[in-house]
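The structure under discussion appears below in the form of structure tokens.
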Amino acid sequence: MFRLATVMRQVRPVSRALAPHLTRCYAKDVKFGADARALMLQGVDLLADAVAVTMGPKGRTVIIEQSWGSPKVTKDGVTVAKSIDLKDKYKNIGAKLVQDVANNTNEEAGDGTTTATVLARAIAKEGFDTISKGANPVEIRRGVMMAVETIISELKSLSKPVTTPEEIAQVATISANGDVEIGNIISNAMKKVGRKGVITVKDGKTLHDELEIIEGMKFDRGYISPYFINTAKGQKCEFQDAYLLLSEKKISSVQSIVPALEIANQHRKPLVIVAEDVDGEALSTLVLNRLVGFKIGGWSSTNLLVLVLVLILSSTLSSPFFLQGWTSSDGR
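For the sequence shown, UniProt numbering gives the first residue as 1, with consecutive numbering after it.
In structure tokens form, the structure reads like this:
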């Protein structure tokens with residue numbers, strides 16, 4: 001303690017002497033006008049140049065340095081965009097803005113990130129150039145948004161619905177950089193699960209690409225508590241040959257689910273509860289007994305449909321189920 005105080009007394013006079021020549025590292029460095037736009041545009045160009053080479057079926061690959069392991073070779077535009085982090089903070093701001101464009105496109109459409117990046121660069125360049133000539137930035141933005149609406153409307157009128165397995169395979173093949181085998185696998189997967197089915201891509205351990213179909217359903221909400229996780233494969237809760245308890249009401253008391261708990265215990269089966277919500281002592285009991293509860297959110301006709309679908313599916317798969325508090329919309 002005393003040594004530290006002595007050192008600080010020695011440092012303070014030096015700090016005051018050097019103060020006029022130092023810049024505070026925690027202060028904001030503010031730039032305006034053309035200088036700020038020029039630096040941001042350089043960042044936009046650097047990112048767009050790296051991403052643009054991957055465009056189209058004949059696009060080239062990009063090698064990305066990894067923080068660990070060997071370098072990554074990819075032709076995916078959004079992957080290239082995410083990997084770019086510029087040292088200059090002003091240039092990095094421009095690069096991050098275009099990264100947002102690529103990420104949003106990937107989340108909305110699942111493809112087209114390279115095209116979106118190239119378009120974003122063109123809009124930024126023309127927009128900055130027009131502003132430098134005295135145009136109003138607000139009016140430019142308004143004009144861009146009007147153009148976007150017009151183009152979207154026109155593209156929708158020109159678009160052709162993809163319906164047949166052959167057409168789906170063609171689109172998937174293009175997205176897979178011309179890999180016909182991958183395109184056919186995706187087409188077969190969509191044929192099996194339907195347009196709104198869940199398709200997950202995972203790294204395999206074999207030499208060949210494989211398609212695995214798992215019967216079931218998916219809804220937006222998951223397990224209520226992280227204590228329900230029962231596998232080391234990730235944040236998952238997996239049960240085989242489980243009993244189901246479907247409830248349209250909130251479950252707070254253990255007494256309301258005792259019959260289902262006793263039946264599941266007698267047959268030594270896992271119990272999965274799908275309800276509006278589970279809390280209080282009921283939730284504590286489920287955690288202690290390694291059972292699991294799923295929340296379907298506030299009560300509505302949509303959630304009623306979810307329960308009906310679970311009921312139908314469990315009947316189809318021959319899974320035993322229990323109903324609790326099941327009433328119609330008019331209370332009967």
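Heads up, the beta-carbon is just placed ideally off N, CA and C, and yes, glycines get one too.
Small disclaimer: the values here were computed from a predicted structure and weren't measured.
- Within the same chain, Pro-165, Ile-168, Ala-169, Ala-172 come within 7 Å of Ser-187 by CB-CB distance, once the 5 residues on both sides are set aside.
- With 16 or more neighbouring CB atoms inside 10 Å of its own CB, Phe-128 falls in the buried class.
- Within the DSSP secondary-structure output, Ile-63 pairs in a beta bridge with Val-73.
- One alpha carbon belongs to Asn-184, the other to Met-190, and they sit about 10 Å apart.
- For Asn-265, the number of other beta carbons within 10 angstroms of its own is below 16, and it is reported as exposed.
- Proximity to Gln-66 across Val-44, Thr-79, Gly-33 peaks at Thr-79, based on C-alpha coordinates.
- Judged by DSSP secondary structure, Phe-228 falls outside any alpha helix (DSSP H); it is assigned neither H nor E.
- Ile-251 sits in a strand when the DSSP states are folded into three classes.
- With 16 or more other Cβ atoms inside 10 Å of its own Cβ, Lys-91 counts as buried.
- Under the 8 Å Cβ criterion, the segment 202-209 does not count as touching the segment 248-258, having fewer than three qualifying pairs.
- Between Gly-234 and Gly-197, the alpha-carbon positions lie close to 22 Å from each other.
- Leu-286 has its alpha-carbon roughly 13 Å from the corresponding atom of Asn-230.
- The continuous alpha helix (DSSP H) containing Ile-185 extends over residues 180-193.
- Ser-284 sits in a helix when the DSSP states are folded into three classes.
- A Cβ-Cβ distance of about 43 Å is found for the pair Pro-270 and Ile-174, leaving them out of contact under the 8 Å criterion.
- The alpha-carbon separation between Asp-100 and Ala-50 amounts to approximately 16 Å.
- At the C-beta level, Thr-114 and Met-55 come within 7 Å of one another.
- Counting C-beta atoms within 10 angstroms of its own C-beta, Ala-282 has 16 or more neighbours from the protein chains shown and is therefore classed as buried.
- Here the alpha carbons of Ala-120 and Cys-237 stand approximately 42 Å from one another.
- Around the beta carbon of Ala-48, 16 or more other beta carbons lie within 10 angstroms, which makes this residue buried.
- Here DSSP, grouped into helix, strand and coil, assigns Asp-49 to helix.
- Within the same chain, Cβ atoms closer than 8 Å to the Cβ of Val-53 are found at Gly-59, Arg-60, Val-62, the five residues on either side in sequence being excluded.
- Restricting attention to Phe-228, Ala-232, Ser-225, Val-193, the CA atom closest to the CA of Glu-215 is found in Val-193.
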